[in-house]
Amino acid sequence: MPQADADTLLQEVSAYLKPQDVAQIEAALAFSRTAHQGQLRQSGDPYVTHPIAVARILTPLHLDTQAIIAALLHDVAEDTSVTIEQIGEQFGKPVAELVDGLSKLDKLQFETKEDAQAENFRKMLMAMARDVRVILIKLADRLHNMRTLDSVSREKSERIARETMDIYAPIANRLGLNTLYQELEDLSFKYLYPNRYAVLSKALKVARGNRREVVSKILEAIKQRLEENHIKAEVRGREKHLYGIYQKMQSKSLAFAQVLDIYGFRVLVEDIPSCYVALGVLHGLYKPFPGRFKDYIAIPKANGYQSLHTALFGPFGTPIEVQIRTHEMNKLAESGVASHWLYKTSEAQINDLHQKTHQWLQSLLESLAQSGDSVEFLEHLKVDLFPDEVYVFSPKGKIYALPRGATAVDFAYSVHTDIGNRCVAAKVNAELVPLRTELHNGDRVEIVTATLAHPNPAWLSYVVTSKARGEIRHALKTMHLEESAKLGERLLGQALGSLGFKLQDVPEICWERVLKENGAKSRQEIFADIGLGRRLNMVIARQLARINEGDHSRAEANSSGIVTLFGNEGMAVQYAKCCRPIPGDPIIGVIKSGQGLVVHTHDCPSLRKGRGSSEEWMDVVWDKNISKLFDVSIKLIVANQRGVLAKVAAAISDAESNIENVHFTSEGEYTALYFTLQVNNRQHLANVMRSLRRIQEVIRITRVKNIPA
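If you're matching positions, the sequence shown starts at 1 in the UniProt record's numbering and goes up one per residue.
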């Protein structure tokens, strides 16, 4: 059996490769057979049958000699004593690099924890970005494993099928490998839902037999009408794959009997004008379904796919789907990114497809670089692999493909990272809209930016693209770290001051020892950790003081470790919402791990339980010239009279305060109004309250620590 498969492989490659290349592949076959000698698959077959099958999956794509050899050797370095260096010596460096890229994909990836599995996908992406042939061989490897999944346990087959459905099939789709994609989906469906697969498969077989006559009539009618209009075309019946039918039943809650368009038709013509002429002819033959026409020629899919799609009322009211495309488009649709090896014509289209693939890989690499861990990256990857796209236009008419549900912020980041980071508003079809606005097909989107703007953490709750999510997290993390480092440097400086030292006078050798003792890479990391509450400033200060020539004489020289707040510390300093401190209030700071410095009023009720470890507390004071606006909550009891809310709002505005939030509850003859206002300090708040007391309907006014929900 292995010899028969090997002979067939050599025949297949002989059809498109030179004799000297076929000789190299024959040598690789012998090398692989020797290396895997005595090894068996779980099915009991000799192991060498697997690499031969993988290579045969790639021959219809006309992959080059190096890729076929790498497919034959893809498990050699992992499962045998042969090294990558030996492969390089025998078959050249490019083959060795391909095998190395594949070998780094840990074979335990299906049996490990989620983070280890995700790490393997990171490795695969890195190898794929260097050479797209890596993923083509990996997809062929996965397809043969899926074809032979009967020999493994039910639990393992389900796990592999789920991974294939979630990652590998969508990657094949994203790369335009339509045939591979559909078979991977159908096989995943078979092992994930065996009963549904069996029932649907049987029903489909019966239905195809019953409808064969109707389908042949439609096929003949289409051919005849196209000939009458002098359109040279090839017309084929097109069967929908099983999982596609199942998805339609699920999404539209249909029984199998209601899914009438299990057959479709594909019309292949000579050129693009003929596509549109053929469309008009078919719309004259059968009435089109309103709203079911899609033009992927004018606006190709992200994977380069081009075609016209229309749905028609066929004979006896049977819905039929028709795809109209050129022969070149059909070749690209079937083989996608592999068309570079398969076809040497239509270089412009192939180059465009490769450029789109490269852009996609680059965006994933950026996401990979910015995601904090492998699991987060894997979530980004899954989002990117299920795009269900909408197409929008920039003000200059450039088309952008975005996933369904994408917002104006997603669009901003797809244009450029800097545009996303600085966006403050958006115009959709010339109308100003909120940044969270969901975009639709054909929208014309313009982004308004500001030089000093920066990402808002709230954006993470509604962006859908991995690029936007990754860039926002990266920007926020960078901002937070920079601000925390500045605060941490001040905190450490003041702690050292209380021990009689100055931060700028600490010798480099002291820093080197402290960094080593704390496992830190740089001073900046120490400063940021102090600012974020991950390390205590007094602990680091004492370490520096101890190491500094063993000098303890100044340890009690200065006891003032007070931190001054300037209002420009950003995310490194948080003002507690439980008491909403404002300048003029007596305050105290609490260092909380991961949050940094949290500022409370002295009498904040939430602090009473926590008064314990003195090192977690920090004396803080307001700077006299602080100019930041602060949120504060007040409660008004007012008489229930018409126009009272307008009077209150006007008085707040006259006192030069902003209303952030308002909430009210009825209390019989009176109403309790709760406001969150923005003020500069206690004096400003006093002016606001004085202004409100002048209103006749205001019975009582108090400052409160929190607004009720």
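Quick reminder that beta carbons are idealized off the backbone N, C-alpha and C, glycines included.
Exercise. Around the C-beta of R580, are 16 or more other C-beta atoms found within 10 angstroms, so that it is buried, or is it exposed?
Worked result: The count along the sequence shown starts at 1 and reaches residue 580 at position 580. R580 should be labelled buried.
Exercise. Who pairs with F313 in a beta bridge, going by DSSP?
Worked result: Residue 313 sits at position 313 when you count from the first residue of the sequence shown. Answer is P319, bridged to F313.
For this session: Can you tell me the Cβ-Cβ gap for V632 and L685, rounded? I've got them flagged as a contact below 8 Å.
Result: As a working mapping, residue 632 is identified with position 632 in the sequence shown. As a working mapping, residue 685 is identified with position 685 in the sequence shown. Indeed, because the Cβ distance is near 6 Å, the residues count as touching under 8 Å.
Problem set entry | Rounded straight-line distance, which links the Cα of G531 to that of L597 | Here the question's residue 597 lines up with position 597 in the sequence shown. Here the question's residue 531 lines up with position 531 in the sequence shown. Whole-angstrom Cα-Cα distance: 7 Å.
Exercise. Starting from S633 and walking both ways along the beta strand (DSSP E), at which residues does that stretch end?
Worked result: Within the sequence shown, residue 633 is the residue found at index 633, counting from 1. First-last of the beta strand (DSSP E) with S633: F630 to A639.
Exercise. Straight-line CA distance for W617 to K301?
Worked result: As a position in the sequence shown, residue 617 is number 617, starting the count at 1. As a position in the sequence shown, residue 301 is number 301, starting the count at 1. Approximately 57 Å, taken between the alpha carbons.
Exercise. Who are the near neighbours of T451 in its chain, counting only those whose CB is closer than 8 Å to its CB and skipping five residues on each side?
Worked result: Walking along the sequence shown from the start, residue 451 turns up at place 451. Excluding positions up to five away in sequence, the list reads R422.
For this session: Kindly indicate which three-state DSSP category V267 falls into: helix, strand or coil?
Result: Position 267 of the sequence shown holds residue 267. Note: V267 maps to strand in three-state DSSP.
Exercise. From what residue to what residue does the beta strand (DSSP E) around I701 run?
Worked result: The sequence position of residue 701 within the sequence shown is 701, counting from 1. Run containing I701: V698 to V704, per the beta strand (DSSP E) assignment.
Exercise. In this structure, does DSSP put I324 in helix, strand or coil?
Worked result: As a first step, residue 324 must be located in the sequence shown, where it is residue number 324. Correct three-state label for I324: strand.
For this session: Taking all protein chains shown into account, decide if K287 is buried (16 or more other Cβ within 10 angstroms of its Cβ) or exposed.
Result: Numbered from 1 along the sequence shown, position 287 holds the residue referred to as residue 287. Classification of K287: exposed, given that the 10 Å Cβ count is below 16.
Exercise. With a CB to CB cut of under 6 Å and the five nearest residues on each side skipped, what residues in its chain are close to K324?
Worked result: Along the sequence shown, one-based indexing puts residue 324 at 324. Per the sequence shown, the amino acid found at residue 324 is Ile instead of Lys. Here the set comprises V267, C275, A278, L279 and L308.
Exercise. Excluding five sequence neighbours on each side, which residues of the same chain lie with their C-beta closer than 7 Å to the C-beta of K217?
Worked result: The residue labelled residue 217 in the question sits at position 217 within the sequence shown. Counting only Cβ-Cβ distances below 7 Å, and skipping sequence neighbours, we find P315.
Problem set entry | Test item: CB-CB of Q494 and V590 under 8 Å | For the purposes of this step, residue 494 is taken as residue 494 along the sequence shown, with counting starting at 1. For the purposes of this step, residue 590 is taken as residue 590 along the sequence shown, with counting starting at 1. No, Cβ-Cβ distance for Q494 and V590 is not below 8 Å.
Exercise. Can you give the Cα-Cα distance for A23 and S32, rounded to whole angstroms?
Worked result: Position 23 of the sequence shown, counted from the first residue, corresponds to residue 23. Position 32 of the sequence shown, counted from the first residue, corresponds to residue 32. Roughly 14 Å between the two C-alpha positions.
Exercise. When every heavy atom of the ligand HEM is checked, does at least one fall within less than 7 Å of the C-beta of T49?
Worked result: This structure does not include the ligand HEM; it has no bound ligands of any sort.
Exercise. If you run the structure through DSSP and keep just helix, strand and coil, what is I52?
Worked result: The count along the sequence shown starts at 1 and reaches residue 52 at position 52. It is helical.
Problem set entry | the segment 241-257 in contact with the segment 185-192 per 3-pair CB rule at 8 Å | yes
For this session: List the residues that DSSP assigns as beta-bridge partners of G237.
Result: Taking the first residue of the sequence shown as position 1, residue 237 is located at position 237. Answer by DSSP bridge pairing, in chain order: F265.
Exercise. Going along the chain, which residues of its own chain have a beta-carbon closer than 8 Å to the beta-carbon of residue 710, five neighbours each way excluded?
Worked result: This structure cannot settle anything about residue 710, because the visible part of the chain is limited to 1 through 709.
Exercise. Would you call the segment 388-405 and the segment 430-447 touching, i.e. three or more CB-CB distances under 8 Å?
Worked result: yes
For this session: Please state whether DSSP places D295 in a helix, a strand or coil.
Result: Locating residue 295 in the sequence shown gives position 295, counting from the first residue. Residue state, collapsed to three classes: strand.
For this session: Tell whether a beta-carbon distance below 8 Å holds between T164 and S43.
Result: The residue you call residue 164 lines up with position 164 of the sequence shown. The residue you call residue 43 lines up with position 43 of the sequence shown. Going by C-beta atoms, T164 is not nearer than 8 Å to S43.
For this session: Check the Cβ-Cβ distances between V235 and every residue of chain B, and say whether any is below 8 Å.
Result: Looking at the structure shown, chain B is missing, and only one protein chain is on hand.
Exercise. Roughly how many whole angstroms lie between the Cα atoms of L9 and E89?
Worked result: Translated into the one-based positions of the sequence shown, residue 9 becomes position 9. Translated into the one-based positions of the sequence shown, residue 89 becomes position 89. Their backbone Cα atoms lie some 24 Å apart in a straight line.
Problem set entry | Burial state of A6 (16 or more Cβ within 10 Å) | By one-based count along the sequence shown, residue 6 stands at place 6. Its Cβ being crowded by 16 or more others within 10 Å, A6 is buried.
Problem set entry | CA nearest to the CA of L432, picked from Q683, A408, T676 and H454 | In the sequence shown, counting from the first residue as 1, residue 432 sits at position 432. When each option's Cα is compared against that of L432, the closest is A408.
Exercise. Who are the Cβ neighbours of G405 in its own chain at under 8 Å, not counting the five residues just before and after it?
Worked result: To locate residue 405, count along the sequence shown from 1; it is residue 405. Once the five neighbours on either side are set aside, the close Cβ partners of G405 are E438 and V464.
For this session: Please go through the same chain and pick out, in chain order, the residues whose beta-carbon is closer than 6 Å to the beta-carbon of Q306, but skip the five residues on each side of it.
Result: Within the sequence shown, residue 306 is the residue found at index 306, counting from 1. Y296, I297, P300 and M329, listed in sequence order.
Exercise. DSSP puts G589 in a beta bridge; with which residues?
Worked result: Along the sequence shown, one-based indexing puts residue 589 at 589. DSSP lists V599 and M618 as partners of G589.
Exercise. Under three-state DSSP, which class holds E660?
Worked result: By one-based count along the sequence shown, residue 660 stands at place 660. Of the three classes helix, strand and coil, the one that applies to E660 here is strand, per DSSP.
Exercise. With 16 other CB atoms within 10 Å as the buried threshold, where does K138 fall?
Worked result: For the purposes of this step, residue 138 is taken as the residue at position 138 of the sequence shown. By the neighbour-count rule (16 or more Cβ atoms within 10 Å), K138 is buried.
Exercise. Do you know whose CA, among D505, H602, N537 and I695, lies nearest N518's CA?
Worked result: Counting from 1 along the sequence shown, the entry for residue 518 is found at position 518. Selected option, being the one with the closest Cα: N537.
Exercise. In three-state terms, what does DSSP make of A96?
Worked result: For the purposes of this step, residue 96 is identified with residue 96 of the sequence shown, where counting begins at 1. A96 falls in the helix class under three-state DSSP.
For this session: Mind checking who F675 pairs with in its DSSP beta bridge?
Result: Counted from its first residue, the sequence shown places residue 675 at position 675. Looking at the DSSP assignment, F675 forms a beta bridge with I634 and V662.
Exercise. S307 by DSSP, collapsed to three states: which one?
Worked result: The residue you call residue 307 lines up with position 307 of the sequence shown. DSSP places S307 in coil when its eight states are reduced to three.
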